[in-house]
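**Student:** In the UniProt record's numbering, the protein residues as written are 1 to 262.
Input: one structure, supplied below.
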């Protein structure tokens, strides 16, 4: 009886938890397996020069929603997610900034529908925070964005050190979390063969990587920078050619035992 009461209290607490939501996509097909509901969380500590969602950076904006309210948006499409072996992906912004809310949402989605849950993350989260909030326990997959391994270059590209990211990557790997590594290919920025070798070395050190996804840099978010009055520092960079993408792919594939996809 005491255990049942505690469980009911936990459920009620989870259902009323609140998070700041930027937006969502009902039929995502590129953020994990199957058809997925992609929940874009508000807030991010990085300031990536190539970010196509700078409007997600501010931690004080977005729509405040409860777990129940978010699930109400997901429920009409659950048959599609279940039939396609899809689920829900937490994205952003940086979703781990709102780890307690996503842990509560994840527990409720698992309790009601047993959905596959993924998180698309920069990894800018201390392992202790990820663990203590319970978020890691509800995730079936982490899409980890490794932007640059050289710390100085990472700071120039994102304004932040990558040491926390590397700690997080090592921690979730040791915990057995399934990982898909994502890497944005930016000509003359992330295509230096020495940097690609460093990326391969880090990926090789992680135990639970299932695949690597190379994402071609694009300019679709440039207008948002202009609307926000921000200077777009990659103005001179164009999207990579097929040859540039394949060059990075081949260099990584020669050093890795998992698929490297474009």
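Cβ atoms here follow ideal geometry from the backbone N, Cα and C, with glycine treated the same way.
#1: Taking only beta-carbon positions, decide if residue 119 is within less than 8 Å of chain D.
#2: How long is the line joining the alpha carbons of residue 49 and residue 262, rounded to whole angstroms?
#3: Could you pull out every residue in the same chain whose Cβ sits closer than 8 Å to the Cβ of residue 151, ignoring the five residues on either side in sequence?
#4: Can you give me the Cβ contacts of residue 130 inside the same chain, cut-off strictly under 8 Å, excluding the 5 residues immediately before and after it?
#5: So, at 6 Å on beta carbons, what are the nonlocal neighbours of residue 66 in its own chain, with the 5 sequence-adjacent residues on each side left out?
#6: Going by beta-carbon coordinates alone, are residue 24 and residue 35 separated by less than 8 Å?
#7: So, are the CB atoms of residue 212 and residue 252 less than 8 Å apart?
#8: Measuring straight from C-alpha to C-alpha, what distance separates residue 257 and residue 69?
#9: Mind checking which residues open and close the beta strand (DSSP E) that includes residue 194?
#10: Output the distance between the C-alpha atoms of residue 57 and residue 228, rounded to the nearest integer angstrom.
#11: Check residue 155 in the structure and name its three-state DSSP category.
#12: Does the stretch 194-205 come close enough to the stretch 141-160 that 3 or more CB-CB pairs lie under 8 Å?
#13: According to the Cβ coordinates, are residue 193 and residue 237 closer than 8 Å?
#14: Looking only at its own chain, which residues have a Cβ that is under 6 Å from the Cβ of residue 207, when we skip the five neighbours before and after it?
#15: In this structure, does DSSP put residue 88 in helix, strand or coil?
#16: Would you please state the rounded distance, in angstroms, between the beta carbons of residue 21 and residue 86? I believe it to be under 8 Å.
#17: Go to residue 103, then tell me how far its alpha helix (DSSP H) extends in each direction, as first and last residue.
#18: Take residue 155 as the anchor and find which of 240, 143 and 45 has the nearest alpha-carbon.
#19: Contact check, residue 240 vs residue 189 under 8 Å by CB: the rounded distance?
#20: Give the secondary structure of residue 130 by DSSP, where H, G and I count as helix, E and B as strand, and everything else as coil.
#21: Tell me whether residue 95 sits in a helix, a strand or coil according to DSSP, three-state version.
**Tutor:** Checking against the coordinates, here is how it stands:
#1: No chain D appears in the structure shown, which is made up of a single protein chain.
#2: 21 Å
#3: 161, 162 and 163
#4: 96, 99, 136, 168, 171 and 172
#5: 16 and 18
#6: no
#7: yes
#8: 42 Å
#9: Not the beta strand (DSSP E): residue 194 falls in the alpha helix (DSSP H), residues 193-205.
#10: 11 Å
#11: helix
#12: yes
#13: no
#14: 173
#15: strand
#16: Not a contact, Cβ separation roughly 20 Å.
#17: 99-113
#18: 45
#19: No, residue 240 and residue 189 are not in contact; Cβ-Cβ is about 10 Å, not under 8 Å.
#20: helix
#21: helix
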